[in-house]
Amino acid sequence: MNELDQLYQQVILDHAKRRVGSPLVEPAAAAQGESHQHNPICGDQIRVRVGLDEQNVFTSVSWEGEGCSISMASASVLSEMLPGMGRDQFLTTLDAFREMMRSKGTATPDEEVLEDAAAFVGVSKFPARVKCAMLAWVAAEAAMFGASS
Amino acid sequence: MTSVTGHADTQHPLSSSEVARIKADFEILEHPINGTDLVYLDSGATSQKPRCVYEAEQHYYETANAAVHRGAHSLAVEATELFEQARETVASFIGARSNEVVWTSNATEALNLISYSLSNASAGLGGSAAERFRLTRGDEILVTELEHHANLIPWQELAFRTGATLRYVPVTEDGALRYDLLDELVTESTKLIAFTHVSNVLGTITDVERFVQAARRVGALTVLDGCQSVPHLPVDVKALDIDFMAFSGHKMLGPTGIGALYGRAELLDAMPPFLTGGSMITVVDMEHAEYLPSPQRFEAGTQRIAQAHSLATAASYLDEIGMERIAAWEEHLGTLLLEGLSQLDGVRVFGPTDAPRIGTVPFEVMGVHPHDVGQYLDSRGIAVRVGHHCAQPLHRALGVTATTRASTYLYNTEEDVAALIAAVGSVREYFGV
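First to last, the protein sequences are chains F and B.
1 is the number of the first residue of the first sequence in this note's numbering; add one for each residue after it.
150 is the number of the first residue of the second sequence in this note's numbering; add one for each residue after it.
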């Protein structure tokens, strides 16, 4: 597989079209938060809304945004993974995702932890695209920390 | 000065074989990218440099390096001479007198220089000579919706600092300037009109005369953004009859780190300085300072001497080939780009179809984000720019957040254009659209 095909793995292209979790919905949850993130380099933007129950477990994730296939697919994959995940588990997963993104193509992703998000390992070879992949994750993190009932 | 390759046949249009010889002056264009030949179509962002340009810089450091306008030793004299010769060369390249060209870091700094100088005048600096530059509540600054952020934000800030109002000439949904609104927008309150000569996104050439006429009618100052015109078209500031023009070195084959501001001498000499410090003064005591006339008044601190020399070498290189011929070649490439891209299924080209253009064409591939388009083209060795190109308001007017932009220069061949069109034609298939 050449570098371009590693970047645009089929699972990424599929998610970019399916956009799981989009559009935004109003979560019926104990606590909810929202974050709007913007990539000033290309103008891409995303708004992520999360709902958490009393045990700090994600009950819903939804988003709306505009951007390249990497940023849209990343938001879609995250929306599939997050419901049912606890706050601490999300932070562990986020760390693993971030570490993979900083690896410049050298990481062997742990698919147990990263599930479909492991497909983004090819992005780490393209420093200009790392921010695209991170955008939804950063938004979800900010939404979680800002969540209130 | 190091030798500039002889391409002189200034009577005839550039031929493909001549362009091939020009291309050979650019080392970087011979280096493969991603295992394939580089097709560089991002000269709107920055141009590549011919060998003579960086050799001039190296030669300067090897033979003439010293601080200018001070010191009595031979190197200082040699460096000062080269520095001022460079100013003469670049001034002559745009039809200006040498005391009307101020070196800046880039075009952005040149535009900020005017903005801050006017702001200083508005705060009362510069005495009675600077009165004509004062802005106050009720005064208006006019820009256009086409502008690069560098020719928009300095004027927003100037308006904030002085209480003046910023207004703009809108564009149609195709990106054509609404000249029909000029008469209405330019009033006795208009003190300054800042507009681009060539849109950095659309490549369209502005009818400068219409803006200048409107400005003259009410006595407003005119500021032209020449970043995309000076490298690609013959530009004569006196014929254009503008008051100020900003342009950058790195987009016209020159080095990074240097740009220039043209201003009418009588204006520059009456404006209060922007950056202050060494090399721009006559007499200093502990309470105040007197300033040199332009251009030194605006050149505080040690200047970009090697870069000025190198930029002058670039201007001479362009001059030797002939700006008319370069413009004609790029018009030819631009037409090929426009026609080729327009004929592709699912590709939309932006910009008015009837306006004159340089070889800059923005487009979108339906269903594929510009970042993905750019990534795909890069894998084929084709360099283009994607994003909002520092012109968010224009993109908003066009109804998109980002575009893909191909921009040519004198070293681009018909084969480069054909390679781009073929690659763009296969983008949708790759992304399964």
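All C-beta atoms, glycine included, are put in the ideal place defined by N, C-alpha and C.
Check: Any beta carbon from chain F within less than 8 angstroms of residue 540(B)'s own beta carbon?; Outcome: no
Check: With DSSP as the reference, identify every bridge partner of residue 394(B), one or two as the case may be.; Outcome: 373(B), 411(B)
Check: Expressed to the nearest angstrom, what Euclidean distance is found between the alpha-carbon atoms of residue 105(F) and residue 119(F)?; Outcome: 12 angstroms
Check: If you draw a straight line from the C-alpha of residue 427(B) to the C-alpha of residue 452(B), how long is it?; Outcome: 11 angstroms
Check: Given residue 97(F), which residues of its chain have a CB within under 7 angstroms of its CB, disregarding the five upstream and five downstream residues?; Outcome: 114, 117, 137
Check: List the residues of chain B that residue 7(F) touches, going by C-beta distances under 8 angstroms, in chain order.; Outcome: 524
Check: So the beta strand (DSSP E) residue 44(F) belongs to, where does it begin and stop?; Outcome: 44-52
Check: Taking all protein chains shown into account, decide if residue 33(F) is buried (16 or more other Cβ within 10 angstroms of its Cβ) or exposed.; Outcome: buried
Check: How would you list, in chain order, the residues of chain B whose beta-carbon sits under 9 angstroms from the beta-carbon of residue 76(F)?; Outcome: Near residue 76(F) there are no residues of chain B at all, since even the closest Cβ is about 14 angstroms away, more than 9 angstroms.
Check: What did DSSP end up calling residue 37(F) once you bin it into helix, strand or coil?; Outcome: strand
Check: Can you give me the Cβ contacts of residue 411(B) inside the same chain, cut-off strictly under 7 angstroms, excluding the 5 residues immediately before and after it?; Outcome: 243, 245, 249, 250, 386, 393, 394
Check: What would DSSP say about residue 108(F), mapped onto helix, strand or coil?; Outcome: coil
Check: List the DSSP bridge partners of residue 268(B).; Outcome: DSSP output for residue 268(B) lists no bridge partner at all.
Check: Taking DSSP as the reference, what is the three-state secondary structure of residue 155(B)?; Outcome: With a pLDDT of 49 at residue 155(B), under the threshold of 50, the modelled position of that residue is not reliable, and the figure given next carries that caveat. Three-state result, residue 155(B): coil.
Check: What in chain B is Cβ-close to residue 35(F), meaning under 9 angstroms?; Outcome: In chain order: nothing, as chain B lies at least about 19 angstroms away.
Check: Below 7 angstroms CB to CB, which residues in the same chain sit around residue 56(F) once its five sequence neighbours on both sides are set aside?; Outcome: 86, 87
Check: Counting pairs of Cβ atoms below 8 angstroms between the segment 315-327 of chain B and the segment 287-297 of chain B, do you hit three or more?; Outcome: yes
Check: Compute the distance between the beta-carbons of residue 71(F) and residue 135(F), then report whether it is under 8 angstroms.; Outcome: yes
Check: Within 10 angstroms of the Cβ of residue 238(B), are there 16 or more other Cβ atoms? Answer buried if so, exposed if not.; Outcome: buried
Check: Under three-state DSSP, which class holds residue 542(B)?; Outcome: helix
Check: In angstroms, rounded to a whole number, what distance separates the CA positions of residue 182(B) and residue 527(B)?; Outcome: 8 angstroms
Check: Could you compute how far the alpha carbon of residue 241(B) sits from the alpha carbon of residue 191(B)?; Outcome: 27 angstroms
Check: Just grab the DSSP bridge partners of residue 511(B) for me.; Outcome: 554(B)
Check: Looking at the structure shown, is residue 353(B) part of a helix, part of a strand, or coil, going by DSSP?; Outcome: strand
Check: Three or more beta-carbon pairs under 8 angstroms between the segment 216-228 of chain B and the segment 562-572 of chain B, yes or no?; Outcome: no
Check: How many Å lie between residue 28(F) and residue 133(F) at the Cα?; Outcome: 28 angstroms
Check: Apply the 10 Å Cβ neighbour rule to residue 161(B) and answer buried if 16 or more other Cβ atoms are within range, or exposed otherwise.; Outcome: exposed
Check: Do you know whose CA, among 15(F), 91(F), 69(F), lies nearest residue 80(F)'s CA?; Outcome: 15(F)
Check: So what's residue 436(B) in DSSP terms, helix, strand or just coil?; Outcome: coil
Check: Within 8 angstroms (strictly less), CB to CB, does residue 553(B) reach chain F?; Outcome: no
Check: Return the residues of the segment 566-582 of chain B that lie within a Cβ-Cβ distance of less than 7 angstroms from chain F, sorted by chain order.; Outcome: 580, 581
Check: Might you give, ordered along the chain, the residues of its own chain that have their beta carbon closer than 6 angstroms to the beta carbon of residue 382(B), omitting 5 neighbours on each side?; Outcome: 476
Check: Along the chain, where does the alpha helix (DSSP H) containing residue 91(F) start, and where does it finish?; Outcome: 87-101
Check: Within 10 Å of its beta-carbon, does residue 575(B) have 16 or more other beta-carbons around it, so buried, or fewer, so exposed?; Outcome: exposed
Check: Who are the neighbours of residue 43(F) on chain A, taking C-beta pairs under 8 angstroms?; Outcome: Checking the listed chains, one finds no chain A in this structure; the protein chains it contains are F and B.
Check: Just reading off the beta strand (DSSP E) that residue 172(B) is part of, what are its end residues?; Outcome: Where residue 172(B) is concerned, there is no enclosing beta strand (DSSP E), although the alpha helix (DSSP H) it sits in stretches over 165-172.
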